[in-house]
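All remarks here apply to the structure that follows.
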Amino acid sequence: MKEQYDVIIGLEIHIQTKTQSKMFCPCAAQYFEKEPNTQVCPVCAGLPGALPVPNKRAIEKCILLGLATNSEISKNIRFDRKHYFYPDLPKGYQISQYDNPICSNGFIYIKNTKGEKVKVEIERIHQEEDVAKSLHVKNYTLIDCNKSGIPLIEIVTKPVIKSAYEAKEYASKIRQIVRYLDVSDADMEKGQMRCEPNISVQKKGTWEYRNGMICANGGCTLNPKVEIKNIGSISAVEKSIEYEVERLIKEIEDGNEIIQQTRGWNAVKNITEFQRSKESAQDYRYCPDPDIPVIKITKDVVDRIKRELTELPDEKVQRYTDKYNLSEYDAQVITASKEGAEFFEKLLEEVKKELDEKTAAKAVANWITGPVFAHLNNTNKTFEDIEKIKEGLGKLIVKVEKKEFLNSKAKEILEKALTEELDLNKLMEESDVEIISDEEKIKEFATKAIEENPNPVNDYKAGKVNAIGFLTGQVMKMSKGNADPKLVQKVLKELLENTK
Ligand SMILES: [Zn+2]
Numbered sequence: 027m028k029e030q031y032d033v034i035i036g037l038e039i040h041i042q043t044k045t046q047s048k049m050f051c052p053c054a055a056q057y058f059e060k061e062p063n064t065q066v067c068p069v070c071a072g073l074p075g076a077l078p079v080p081n082k083r084a085i086e087k088c089i090l091l092g093l094a095t096n097s098e099i100s101k102n103i104r105f106d107r108k109h110y111f112y113p114d115l116p117k118g119y120q121i122s123q124y125d126n127p128i129c130s131n132g133f134i135y136i137k138n139t140k141g142e143k144v145k146v147e148i149e150r151i152h153q154e155e156d157v158a159k160s161l162h163v164k165n166y167t168l169i170d171c172n173k174s175g176i177p178l179i180e181i182v183t184k185p186v187i188k189s190a191y192e193a194k195e196y197a198s199k200i201r202q203i204v205r206y207l208d209v210s211d212a213d214m215e216k217g218q219m220r221c222e223p224n225i226s227v228q229k230k231g232t233w234e235y236r237n238g239m240i241c242a243n244g245g246c247t248l249n250p251k252v253e254i255k256n257i258g259s260i261s262a263v264e265k266s267i268e269y270e271v272e273r274l275i276k277e278i279e280d281g282n283e284i285i286q287q288t289r290g291w292n293a294v295k296n297i298t299e300f301q302r303s304k305e306s307a308q309d310y311r312y313c314p315d316p317d318i319p320v321i322k323i324t325k326d327v328v329d330r331i332k333r334e335l336t337e338l339p340d341e342k343v344q345r346y347t348d349k350y351n352l353s354e355y356d357a358q359v360i361t362a363s364k365e366g367a368e369f370f371e372k373l374l375e376e377v378k379k380e381l382d383e384k385t386a387a388k389a390v391a392n393w394i395t396g397p398v399f400a401h402l403n404n405t406n407k408t409f410e411d412i413e414k415i416k417e418g419l420g421k422l423i424v425k426v427e428k429k430e431f432l433n434s435k436a437k438e439i440l441e442k443a444l445t446e447e448l449d450l451n452k453l454m455e456e457s458d459v460e461i462i463s464d465e466e467k468i469k470e471f472a473t474k475a476i477e478e479n480p481n482p483v484n485d486y487k488a489g490k491v492n493a494i495g496f497l498t499g500q501v502m503k504m505s506k507g508n509a510d511p512k513l514v515q516k517v518l519k520e521l522l523e524n525t526k
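Here is the structure:
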């Protein structure tokens, strides 16, 4: 049944820009956990006659995001009023952008379920202001205007996303990019990023994609789309779309009419719920805001902002795989956050002084994707929290690579240093025992192990080669963990072969 339908998704993402002050007034933009209505002035409270002054830094950050997403940048920025009545919008209109967004016709790449590169076209990125916050208490509502006027960026894709999975990948890529660029912290739990997919399902062959639009083929009628509002987590993007697609297909199959509507995601019940039938764009009575003059964006301005473009995650993955021979998987894990990538690069800088670049990169990657990530995941710490481990860790990695320090022991003291917040260098000095790579000494231990353990020896001789693992363990124990495990295996094998 499902195979007869195509899923068509467009995604709108709202992101609060990270700035010192609000979008059109000097009030502080950091409103999280602040006393309600303490960061308010006549402009963001929407009092009559107050004059908005656009925030230059917010516009620059919007342009920066446009450049990072391959968008065209408008030469003339104009703000429009979007009218609607809502208790948390005291002015009666929101300052937004209608037909002339700051950025248009951009694109980014994501991977689909098969791991293939897929292009997601971005129709527009525009700048607007956030609204106030309503707090519903019993039978009345309180309004907190601290959030009113926070710079808000809206990113709108064309209807080109083909599955819930792709929508999730796209949303997480956008979050990664805005964090890399420091456009926003995009903390979804704090409401700094919200997603709104619009979804339709169409019978295969009834439609085609033309000039950024979904068009009906001759004689066919299209099913209307459904919008899901204010999704506050990346996983809910995927789950809500999956749910909605199933629901829509069932409605069609049952012969019910689908109406264009807005639904909400209920994260407790894992279902979407009807909210209202959708308004069309004309209902908002958009008009240019007469209080804000047109802002000219010259090439010089764009060039200056371009210099702020840092290396983006996809470019980093490419460089790590090309230059350092890292696997794509490792490169992606390390570049998932900008902090992770910086930690890797700084550590590599250290280790590279002692080892050749590719060996160093591979070793550093293994330590970060292994024990370091395990520790961060188990303790909810960030790379910033473990910043000071870097110097000692670089030395430790070099020692292990040069076989001056046992891998198992190194992992042990790293974990100790991280958990108990101890000085890794000092721990290294204290437990700096020579690796026993003296073959005669190891032969002594190995001979003893063979004499004392006839059963595994017989097993080995009967063809159970794994039995050597037990004997290796015995030798390691005798050497108090200091023997070179590879050499132990080699010596054991030789001895066992010779006594056949
Ligand atoms: Zn204000």
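When you read off a place in the sequence shown, starting at 1, and then add 26, the result is the number in my numbering.
Note that the Cβ used here is the ideal one computed from N, Cα and C, for glycine as well.
With a threshold of 8 Å on Cβ separation, who are the neighbours of Phe496 within its own chain once the five nearest residues in sequence on each side are excluded? Along the sequence shown, one-based indexing puts residue 496 at 470. These residues qualify, in order along the chain: Asn479 and Pro482.
Near Ile318, what residues of its chain come up, given a Cβ to Cβ distance below 7 Å and the 5 sequence neighbours on each side ignored? Position 292 of the sequence shown holds residue 318. Within its own chain, the residues whose Cβ lies closer than 7 Å to the Cβ of Ile318, once the five positions on either side in sequence are excluded, are Pro78, Pro80 and Phe105, listed in chain order.
Is it true that the stretch 92–99 meets the stretch 124–134, where meeting means three or more beta-carbon pairs spaced less than 8 Å apart? Using a Cβ-Cβ distance cut-off of 8 Å, the stretch 92–99 and the stretch 124–134 are in contact, since at least three pairs of beta carbons, one from each stretch, lie closer than that value.
Relative to the C-alpha of Lys342, which candidate in Ile360, Lys332 and Glu222 has its C-alpha closest? The residue you call residue 342 lines up with position 316 of the sequence shown. Checking every option, the nearest Cα to that of Lys342 belongs to Ile360.
Please list, in chain order, all residues of the same chain as Ala493 whose beta carbon is under 6 Å from its beta carbon, the five residues on each side excluded. Sequence index remark: in the sequence shown, residue 493 carries index 467 (1-based). The residues are Pro482, Asp485 and Tyr486.
Determine whether the beta carbon atoms of Ile128 and Ile89 lie at a separation below 8 Å. Counting from one through the sequence shown, the residue named residue 128 turns up at place 102. Counting from one through the sequence shown, the residue named residue 89 turns up at place 63. Against a cut-off of 8 Å, the Cβ pair of Ile89 and Ile128 comes out as a contact.
Can you find the residues in the same chain that come closer than 7 Å, C-beta to C-beta, to Glu410, ignoring five residues on each side of it along the sequence? For the purposes of this step, residue 410 is taken as residue 384 along the sequence shown, with counting starting at 1. The answer, listed in chain order, is Glu365.
Check whether the Cβ of Val359 lies closer than 7 Å to any heavy atom of ligand 1, and answer yes or no. Mapped onto the sequence shown, residue 359 falls at position 333. For Val359, the shortest separation between its Cβ and any heavy atom of ligand 1 does not lie below 7 Å.
Going by DSSP in three states, Asn392 sits in which element: helix, strand or coil? As a working note, residue 392 is residue 366 in the sequence shown. In the structure shown, Asn392 adopts helical secondary structure according to DSSP, grouped into three states.
Could you check which residue in Tyr235, Ile260, Ser259 and Asn256 has the C-alpha nearest to that of Leu248? Walking along the sequence shown from the start, residue 248 turns up at place 222. That would be Tyr235, whose Cα lies nearest to the Cα of Leu248.
Looking only at DSSP bridge pairs, what is Ala106 linked to? Within the sequence shown, numbered from 1, the residue matching residue 106 stands at position 80. Sequence inspection shows Asp at residue 106; the Ala mentioned does not correspond to that position. Ser122 and Pro314.
DSSP three-state label for Met219, please. Stepping through the sequence shown from its first residue, residue 219 is reached at position 193. Here Met219 carries a strand assignment [DSSP, helix/strand/coil].
Measuring alpha carbon to alpha carbon, tell me which residue in Ile415, Ile462, Glu466 and Val33 is nearest Met454. For the purposes of this step, residue 454 is taken as residue 428 along the sequence shown, with counting starting at 1. It is Ile415.
Contained alpha helix (DSSP H) runs [length at least 4] in the stretch 362–428, N- to C-terminal order: Within the stretch 362–428, the complete alpha helix (DSSP H) segments at least 4 residues long are 364–377, 383–393, 399–405 and 416–427, listed from N- to C-terminus.
Give the straight-line distance between the Cα atoms of Lys425 and Asn406, rounded to the nearest whole angstrom. For this step, residue 425 is matched to residue 399 along the sequence shown. For this step, residue 406 is matched to residue 380 along the sequence shown. For Lys425 and Asn406, the distance between alpha carbons rounds to 28 Å.
Can we say the stretch 382–389 touches the stretch 342–353, given the rule of at least three CB pairs closer than 8 Å? Enough Cβ pairs lie closer than 8 Å, so yes.
Over the uninterrupted alpha helix (DSSP H) stretch that includes Cys88, give me the two end residues. On the sequence shown, residue 88 is found 62 positions in, with the first residue counted as 1. Per DSSP, the unbroken alpha helix (DSSP H) holding Cys88 starts and ends at Lys82 to Ala94.
Should Pro185 be labelled buried (16 or more other beta-carbon atoms within 10 Å of its own) or exposed? Counted from its first residue, the sequence shown places residue 185 at position 159. Buried.
From which residue to which residue does the beta strand (DSSP E) around Arg300 run? To locate residue 300, count along the sequence shown from 1; it is residue 274. Correcting the residue type first, residue 300 is Phe in the shown sequence and not Arg. Following the DSSP letters along the chain, one finds Phe300 inside the beta strand (DSSP E) bounded by residues Ile297 to Ser303.
For Val252 versus Arg289, is the C-beta distance shorter than 8 Å? Residue 252 sits at position 226 when you count from the first residue of the sequence shown. Residue 289 sits at position 263 when you count from the first residue of the sequence shown. Contact flag set, yes.
Rounding to the nearest angstrom, what Cα-Cα distance links Asp170 and Pro52 in this structure? Position 144 of the sequence shown, counting from 1, holds the residue named residue 170. Position 26 of the sequence shown, counting from 1, holds the residue named residue 52. Distance between the alpha carbons of Asp170 and Pro52 is about 17 Å.
For the structure I just gave you, are there three or more beta carbon pairs, one from the stretch 60–76 and one from the stretch 110–128, closer than 8 Å? Short answer: they touch.
May I have all residues whose beta carbon comes closer than 6 Å to any heavy atom of ligand 1, sorted in chain order? Counting every residue whose Cβ lies closer than 6 Å to a heavy atom of ligand 1, we get Lys48, Cys51, Cys53, Val66, Cys67, Val69, Cys70 and Gly175.
Unbroken beta strand (DSSP E) run spanning Gly36, endpoints: As a first step, residue 36 must be located in the sequence shown, where it is residue number 10. Here the beta strand (DSSP E) through Gly36 covers Tyr31 to Gln42.
So the beta strand (DSSP E) Asn1 belongs to, where does it begin and stop? Residue 1 lies beyond the range of the chain shown here (27 to 526); nothing can be said about it.
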